[in-house]
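Top line first, the protein sequences correspond to chains A and B.
Our numbering numbers the first residue of the first sequence as 61 and each following residue consecutively.
Our numbering numbers the first residue of the second sequence as 61 and each following residue consecutively.
So the structure is just underneath, and the comments pick up after that.
2 protein chains.
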Amino acid sequence: MAPKTIFITGANRGIGLGLVKELLKVSGVETIVAGARNIDGAKELQSVAKSDSRVHLLAVDVANDESIANSVNSVAGLVGERGLNLLINNAGVIEPYGTSSTPNRATVLKCIDVNAVSALLVSQHFLPLLQKAAAKEDGDTLSADRAAIVNIGSDCASQALNLRGSGPGNSLLAYKMSKVAMVSFSRSMAADFKNLNIPVLITNIHPGWVQTDMGGSNAEISVDESVTKIVASIGKLNASHHAGLFNRELETMPF
Amino acid sequence: MAPKTIFITGANRGIGLGLVKELLKVSGVETIVAGARNIDGAKELQSVAKSDSRVHLLAVDVANDESIANSVNSVAGLVGERGLNLLINNAGVIEPYGTSSTPNRATVLKCIDVNAVSALLVSQHFLPLLQKAAAKEDGDTLSADRAAIVNIGSDCASQALNLRGSGPGNSLLAYKMSKVAMVSFSRSMAADFKNLNIPVLITNIHPGWVQTDMGGSNAEISVDESVTKIVASIGKLNASHHAGLFNRELETMPF
């Protein structure tokens with residue numbers, strides 16, 4: 061089995077694009093809605109969509125509420141009665157910031173808004189579609205085949221691992237704030253889902269330090285190495301992963 | 061010994077006001093600058109200032125960059141060559157929000173902006189004044205007598221303790237995001253201070269669930285019970301507390 065219907069944000073490049081391509085290899089996947097702010101500029105994604113009719117492109121800006129609301133309607137139309145099995149909150153930015161940066165509120169807020177608050181709002185907006193898919197099964201089983209929210213997290217979400225400060229180029233202070241906030245809302249939501257008997261799984265997966273525009277060319281692993289592991293891990297998600305923080309091989313990471 | 065000069069935000073009521081009163085009992089404290097958004101409405105704080113000339117009132121809105129910058133100039137004038145020994149980032153809000161709330165980006169962002177981003181910006185703006193105080197001593201000793209930033213944190217900053225979801229009244233999801241982000245920037249800053257040889261301590265203290273306007277009348281402890289412990293703990297801060305999360309009795313809390 062596999063998630064039949066998938067919506068992924070930030071699919072125009074990097075890990076998002078890699079996830080689209082890797083998920084197409086999974087038997088049973090029927091519909092992938094690939095969201096990106098600028099679809100016109102996403103040439104490789106367009107080419108993937110042309111060669112596989114399961115991929116649908118959708119212009120969505122996760123930092124814009126109206127855009128999110130419109131995307132729910134579009135995805136609902138594409139997935140129909142199946143509902144949405146898997147939401148991947150992948151869209152994100154690094155806004156370079158550090159202790160020694162000139163104080164700049166807008167920069168810090170933008171990073172947190174896009175990476176954490178937007179992922180929260182997308183999750184809330186898409187919850188009815190996820191619940192629709194979850195309702196196809198009885199019981200309280202949790203899996204990405206049934207209904208799941210996967211946040212593309214980061215080792216920057218770990219306070220225990222936050223020992224090197226703002227990091228290379230005085231750049232990661234705000235990004236770390238955003239990624240811990242992402243884990244926080246996922247844990248609040250996971251507990252609420254239990255209390256509300258909503259059988260939707262939510263978890264956070266750290267992709268590793270990946271050779272993307274964001275990760276830079278010095279990064280440790282290729283997009284392929286990262287997304288192969290992430291997609292395999294998504295297939296293994298169960299109740300033990302609810303509200304957690306994991307690396308791409310589903311090993312627990314410390315908070 | 062004690063911090064001679066102290067600046068505390070959100071001093072108009074609750075824990076902030078309690079901290080001002082409790083710090084006045086500490087022998088050696090010379091100057092307390094009590095910041096509040098609305099000084100005119102802070103009647104009890106005004107009365108405290110009238111009865112003790114060590115207390116100076118300062119209108120400051122931590123969510124406003126110009127106001128922070130002005131407050132640095134005012135505090136610099138009041139503390140003079142001593143510099144600033146202790147900054148207490150106490151100002152904060154709860155913006156009720158939960159998984160089942162109608163999605164509202166502005167509410168979530170406001171909570172994070174006031175509680176985490178503003179505390180970060182205040183810390184950055186006041187760092188030169190803290191370094192000035194720290195420079196009165198040689199060596200790398202860390203203490204609140206020398207120079208420290210104390211964030212009034214929360215058990216909501218702990219992912220390990222975040223097991224009950226959005227909490228009473230579906231209210232704490234955004235607040236939790238803000239308080240984990242506060243710990244995150246403090247850990248980034250602490251590591252940067254080490255790398256930059258800046259002997260300023262930064263830490264996070266959870267005051268407990270306190271009977272204030274924010275905590276409500278059902279809360280577990282009085283303001284007095286909380287601030288007595290917090291002030292005693294501030295006096296004990298050392299390098300082992302750098303970048304940590306502690307309860308009011310300085311017991312380590314899990315991330």
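Virtual Cβ for every residue (Gly too), placed ideally from N, Cα, C.
Contact under 8 Å by Cβ, residue i with residue j
i	j	result
T324 (chain A)	L233 (chain A)	With chain A running from 61 to 315 in the structure shown, residue 324 (chain A) is simply not present.
A179 (chain A)	N133 (chain A)	no
I99 (chain B)	I66 (chain B)	no
V153 (chain A)	C171 (chain A)	yes
L223 (chain A)	F186 (chain A)	no
T69 (chain B)	A151 (chain B)	yes
G225 (chain A)	N257 (chain B)	no
L138 (chain B)	H116 (chain B)	yes
N211 (chain B)	S248 (chain B)	no
D125 (chain A)	L169 (chain B)	no
Residue i, buried or exposed, once every other Cβ within 10 Å from all chains shown has been counted against 16
i	result
A250 (chain B)	buried
K110 (chain A)	exposed
N298 (chain A)	exposed
D112 (chain B)	exposed
K192 (chain B)	buried
K64 (chain A)	buried
A94 (chain B)	buried
E155 (chain B)	buried
M313 (chain A)	buried
M61 (chain A)	exposed
T162 (chain A)	exposed
S293 (chain A)	buried
D284 (chain A)	exposed
K236 (chain A)	buried
S238 (chain B)	buried
A204 (chain B)	buried
S87 (chain A)	exposed
D198 (chain B)	exposed
Cβ shell of residue i (< 7 Å), same chain only, five flanking positions each side left out
i	result
I290 (chain B)	L79, I265, P267 and R308
K81 (chain A)	V108
A136 (chain B)	L189
D273 (chain B)	R73 and G74
G229 (chain B)	P156
A129 (chain A)	H185
K296 (chain B)	L310
G213 (chain A)	K239, M242, V243, N264, I265, H266 and L305
Proximal residues of chain B, C-beta to C-beta of residue i below 9 Å
i	result
D284 (chain A)	None at all; the shortest Cβ gap to chain B is about 31 Å.
I172 (chain A)	L169, I172, D173, A176, V177, M237 and A241
Sheet register partners of residue i (DSSP bridge)
i	result
F306 (chain B)	B:I265 and B:T312
L187 (chain A)	Paired residues: none, contrary to the question.
F245 (chain B)	The partner list for F245 (chain B) (beta bridge, DSSP) is empty, contrary to what the question assumes.
Y157 (chain B)	B:L232
A96 (chain B)	B:A119
A208 (chain B)	B:L146 and B:L261
T91 (chain B)	B:T65
V283 (chain B)	In the DSSP output, where bridge partners are listed per residue, V283 (chain B) has none listed.
V177 (chain B)	According to DSSP, V177 (chain B) bridges with nothing at all.
V270 (chain A)	A:I281
Proximal residues of chain B, C-beta to C-beta of residue i below 7 Å
i	result
G225 (chain A)	S248, A251, D252 and N255
L261 (chain A)	Residues of chain B passing the Cβ test: none, with the nearest at roughly 14 Å.
L83 (chain A)	Those do not exist, as L83 (chain A) stays about 27 Å from chain B at its closest Cβ, beyond 7 Å.
F315 (chain A)	Q219, A220 and F315
Own chain, CB closer than 6 Å to residue i, minus 5 neighbours either side, in chain order
i	result
A194 (chain A)	R206, A207, P259 and V260
G304 (chain A)	T263
A102 (chain B)	N72 and A96
V243 (chain B)	A217, N264 and L305
L84 (chain A)	D112
W269 (chain B)	G275, A279 and E280
V240 (chain B)	A217
V120 (chain B)	G95, S127 and S131
H301 (chain B)	T263
G227 (chain A)	none
I209 (chain B)	L147, S183 and I262
Residues that residue i contacts on chain A, provided the C-beta gap is smaller than 9 Å
i	result
K192 (chain B)	Correct list: empty, because the minimum Cβ distance to chain A is about 17 Å.
R97 (chain B)	By Cβ distance, chain A contributes nothing, its closest Cβ being about 16 Å from R97 (chain B), past 9 Å.
Contacts that residue i makes with chain A (C-beta to C-beta distance below 7 Å)
i	result
D244 (chain B)	The amino acid at residue 244 (chain B) is misidentified as Asp; the sequence shows Ser. What S244 (chain B) touches in chain A: Q219, N222, K236, M237 and V240.
Contact set for residue i: own chain, Cβ-Cβ below 8 Å, skip 5 residues either direction
i	result
E90 (chain B)	K64, T65, R114 and R142
I286 (chain A)	It is worth fixing the name first, because residue 286 (chain A) is Ser in this sequence and not Ile. Correct list, in chain order: I75, G78, P267, G268, V270 and R308.
L221 (chain A)	D215, M313 and P314
K231 (chain B)	Residue identity differs from the one stated: residue 231 (chain B) is Ser in this sequence, not Lys. I154, P156, Y157 and G158.
Proximal chain A residues relative to residue i, where beta-carbon distance stays under 8 Å
i	result
H301 (chain B)	Here the premise fails: no neighbours, minimum Cβ distance about 14 Å.
L189 (chain B)	Within 8 Å Cβ-Cβ: nothing; L189 (chain B) doesn't reach chain A, min ~14 Å.
Neighbour list for residue i in chain B, Cβ cutoff strictly below 8 Å
i	result
D125 (chain A)	P163 and R165
L310 (chain A)	Correct list: empty, because the minimum Cβ distance to chain B is about 18 Å.
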